[in-house]
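I have placed the structure first, in the form of structure tokens, so that the comments after it can refer back to it.
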Amino acid sequence: MPISAEQAQEIEDLRATTAPTLRATVPGMEAHLYKAIPVLDHGFIRVIDYMGDDSAICQAARVSYGKGTKSVQNDEGLIRYLMRHWHSTPFEMCEVKLHVKLPVFVARQWIRHRTANVNEYSARYSILDREFYIPAPEHLAAQSVINNQGRGEALTGEEADRVLRYLKDDSMRAYDHYEEMISEDGQQGLARELARMNLPANIYTQWYWKVDLHNLFHFLRLRADSHAQYEIRVYADAICDVVKDWVPAAYGAFEDYRLGGATLSGKALDCVRRMLAGEEVTQESSGMSKGEWREFEELLRKI
């Protein structure tokens, strides 16, 4: 399970402790504070702290123009303008700090987003728990024959059983050896910073991850996409649900212009113009590579 009974009690104790504040608060985020939202088999995300709201974005954008009109409708229109025209700094005025428990191989994908502050659980000083991500059978898939980074059809029958057995047995065996190396039957064992290298990439780690809204939206645009790896996409989906309650106007604009929108290359725009004029355009006459054309066709099917 993602959290123990003791951890659940600690969360309740934190939520019971309140303090007066003059800063902006958001009821939706106050409801999320400290609570663990389960992800995968042992993972979770938790909101630890946040700063700013939709109004903070507008306040930053208007700083050069005076107070102006600040109705909800005008705020939402301004936020949509900022999102539509790729403005970034007003969204950077909002920040969130998350506590995330995730498999190591997901963390290594996640950390590629370098525009955040991260502090990870240290296996040099502490002992990692015996918790591993084991995919549900429906998420065991073969390698895609089209996309080197993607998955194909789900494995079934004996093949799926064999893979699950390997994942479970190898994880447990590696952890058994990890424990043996650091204890050595009561004697001084191998240093933890060395013993950890034998652990598999599906073991769980934890970190605090603090990021501003602009860079969070960039993370979500890539990781909440249907093409993202499932194991990181479910974390992004969980974060989307939180952000929706935090900055509803900004998230609505993000959902419309980024998640639900599309960016076309010059060649793709030229093809659209030719198609609207009645011309039959093929990959060979488009000027695109096969990969570009395949993505273009996929986009057209969504319209």
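When the letters of the sequence shown are read in order and numbered with our numbering, they come out as residues 34 to 336. The C-beta atom is built at its ideal place from N, Cα and C for all residues, glycine as well. Quantities reported herein were computed from a predicted structural model and do not represent experimental measurements.
- Under the 10 Å beta carbon count, Met230 is surrounded by fewer than 16 other beta carbons and is classified as exposed.
- In the DSSP secondary-structure assignment, Phe77 is bridged to Pro71 and Lys134.
- Cβ contact annotation for Thr122 (same chain, cutoff 8 Å, sequence separation greater than five): Ala93 and His247, in chain order.
- The continuous stretches of alpha helix (DSSP H) do not include Tyr237, which lies in the beta strand (DSSP E) extending over residues Tyr237 to Asp245.
- About 6 Å separates the beta carbons of Ile167 and Leu200, which is inside the 8 Å limit, making them a contact pair.
- Between the beta-carbon of Phe287 and that of Met116 there is about 6 Å, and that keeps the pair under the 8 Å contact cut.
- Residue burial is scored here from C-beta neighbours: Asn235 has at least 16 other C-beta atoms within 10 angstroms and is therefore classed as buried.
- Boundaries for Glu171: no alpha helix (DSSP H) harbours it, and the DSSP string shows neither H nor E there.
- Around the beta carbon of Tyr158, a 10 Å sphere encloses fewer than 16 other beta carbons of the protein chains shown; the residue is thus reported as exposed.
- Looking at the backbone, the Cα of Leu197 and that of Glu191 are separated by about 10 Å.
- In the DSSP annotation of this structure, the continuous segment of the alpha helix (DSSP H) that includes Gly285 starts and ends at Pro281 to Phe287.
- One alpha carbon belongs to Lys300, the other to Leu47, and they sit about 55 Å apart.
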